[in-house]
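Q: Heads up: the sequence shown begins at 4 in this note's numbering, then just goes up one per residue.
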Amino acid sequence: MSTKILVITGGSKGIGRAAVEQFQRKGYQVLNISRSPCDLAEVKNLALDMSDAGWDTRASALIHDALSPWMPEGRARIALVHNAARLDKDSVENVTAQAFADVMQINVIAPSQLNQILLPVMAKGSAIVYIGSTLSEKAVAGSCTYVTSKHALVGLMRATCQDLAGRGIHTNCICPGFTNTEMLRAHVGNDQSILDAIASGVTYGRLIEPKEMGKFIYSAATQPVLNGAVLHANLGQVER
Ligand SMILES: NC(=O)c1ccc[n+]([C@@H]2O[C@H](COP(=O)([O-])OP(=O)(O)OC[C@H]3O[C@@H](n4cnc5c(N)ncnc54)[C@H](OP(=O)(O)O)[C@@H]3O)[C@@H](O)[C@H]2O)c1
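(1) Could you tell me the distance, in whole angstroms, from the CA atom of residue 118 to the CA atom of residue 106?
(2) Starting from residue 126 and walking both ways along the beta strand (DSSP E), at which residues does that stretch end?
(3) Using the Cα positions of residue 222 and residue 100, report the straight-line distance between them to the nearest angstrom.
(4) Could I get the ranges of all uninterrupted alpha helix (DSSP H) runs contained in the stretch 173–217, with 4 residues as the minimum, in chain order?
(5) Within 10 angstroms of its Cβ, does residue 136 collect 16 or more other Cβ (buried), or is it exposed?
(6) Below 8 Å, how does it come out for the stretch 230–242 and the stretch 30–44: are there three or more Cβ pairs, yes or no?
(7) In this structure, what does DSSP give as the bridge partners for residue 12?
(8) Which whole-angstrom value describes the C-beta separation of residue 13 and residue 86, a residue pair presumed to lie in contact below a C-beta threshold of 8 Å?
(9) Can you tell me where the beta strand (DSSP E) holding residue 232 begins and where it ends?
(10) Count Cβ pairs between the stretch 208–227 and the stretch 18–30 that sit closer than 8 Å; are there 3 or more?
(11) Cutting at 6 Å between CB atoms, please list the residues of its own chain near residue 214, excluding the five before and the five after it.
(12) DSSP on residue 28, reduced to helix/strand/coil?
(13) Applying the 10 Å Cβ sphere with the 16-neighbour rule, what's the burial state of residue 150?
(14) Quick one: Cα of residue 112 to Cα of residue 82, how far?
(15) Over the uninterrupted alpha helix (DSSP H) stretch that includes residue 157, give me the two end residues.
(16) At the level of alpha carbons, what is the spacing between residue 157 and residue 176?
(17) Is it right to say residue 42 is buried, meaning 16 or more other beta carbons lie within 10 angstroms of its own, or is it exposed?
(18) Entirely within the stretch 29–114 and at least 3 residues each: give me those beta strand (DSSP E) ranges in chain order.
(19) Taking 7 Å as the line, does the beta carbon of residue 53 fall inside it for any heavy atom of ligand 1?
(20) Consult DSSP for residue 116 and reduce its assignment to one of helix, strand or coil.
(21) Kindly indicate which residue of 187, 159, 182 and 181 has the alpha-carbon position closest to the one of residue 174.
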């Protein structure tokens, strides 16, 4: 059972892609799940869209088929990183039930579905890392479904810790601050002046680079002492 495996969602870009690079440097085989592929060599990609509630029915067989060459004993040490997410602009006053359900599907329910696909083959020494947000523990205006889903992810992580007690699988939730990715840039309409204003609210005066998060995700996935932990990684945010 020596093969080390990373299964990650949203490894095609941003923080997820940087995590893939870091785990590969450490000798991991990588299975990525996203709609478009990760462009790094030797990554196995499954093109799956987790926005459909029934995605897991088709995904289960595909995932087990992809992993089986790396798991001659039928199980392995797996780092499972729930990273894919959707960020909408919405408000308590106008969010529709359907939009709420759609965001919860990708950000919260899909991770739970993927846990159930993989837990039967996750050996002692495995890890489940959830990628939350600074908005897992606070709120800003205009991000109702995202804030709610990221708070829920902390609950899912804590339930994971309790329900897997004694299994030798640890879990934690990383809460990134403002990171220089497509998600953040698109959210501010690719407006550099807004990005500069955001950076001025960080004690280091800059955005986090995805590779910094990639290293931290690796660290969180490989240290069982970080079990049940909410881990903020934001370069320090200026309190106003
Ligand atoms: N950037 C920040 O400032 C920031 C701050 C706090 C937390 N975070 C969190 O960090 C994580 C990564 O964010 P990022 O900034 O790296 O975002 P990103 O660059 O937009 O990447 C998001 C990833 O999620 C995948 N994805 C989105 N919808 C999907 C779907 N329906 N099915 C399958 N895959 C899907 C995308 O792949 P495809 O498009 O190829 O499907 C992509 O690989 C997210 O959980 C985000 O909430 C980011």
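Glycine is no exception: its CB is placed at the ideal position from the N, C-alpha and C atoms.
A: Let's see:
(1) Cα-Cα distance, rounded: 18 Å.
(2) Careful: residue 126 lies outside any beta strand (DSSP E) and carries neither H nor E.
(3) Looking at the backbone, the Cα of residue 222 and that of residue 100 are separated by about 37 Å.
(4) Runs of the alpha helix (DSSP H) lying entirely within the stretch 173–217 and spanning at least 4 residues, in chain order: 185–190 and 195–203.
(5) Within 10 angstroms of the beta-carbon of residue 136 lie 16 or more other beta-carbons, which makes it buried.
(6) Contact between the stretch 230–242 and the stretch 30–44 is absent, with fewer than three C-beta pairs closer than 8 Å.
(7) Per DSSP, 36.
(8) The beta carbons of residue 13 and residue 86 sit about 4 Å from each other, so the pair counts as a contact at 8 Å.
(9) Residue 232: member of the beta strand (DSSP E) spanning 232–236, first to last residue.
(10) Yes: the two stretches touch, three or more of their Cβ pairs being nearer than 8 Å.
(11) Answer for residue 214: 21, listed in chain order.
(12) DSSP, reduced to helix, strand and coil, places residue 28 within a helical segment of the structure shown.
(13) Buried, by the Cβ-count rule.
(14) Distance between residue 112 and residue 82, taken at the CA atoms: about 19 Å.
(15) 147–166 is the extent of the alpha helix (DSSP H) around residue 157.
(16) Their Cα atoms are separated by approximately 6 Å.
(17) The residue in question, residue 42, is exposed, as its Cβ has fewer than 16 Cβ neighbours within 10 Å.
(18) Within the stretch 29–114, the complete beta strand (DSSP E) runs of at least 3 residues are 32–37, 47–50 and 80–85.
(19) Yes, the beta carbon of residue 53 sits closer than 7 Å to at least one heavy atom of ligand 1.
(20) Looking at residue 116 - three-state DSSP - the assignment turns out to be helix.
(21) Checked all of 187, 159, 182 and 181; the closest Cα to residue 174 is 159.
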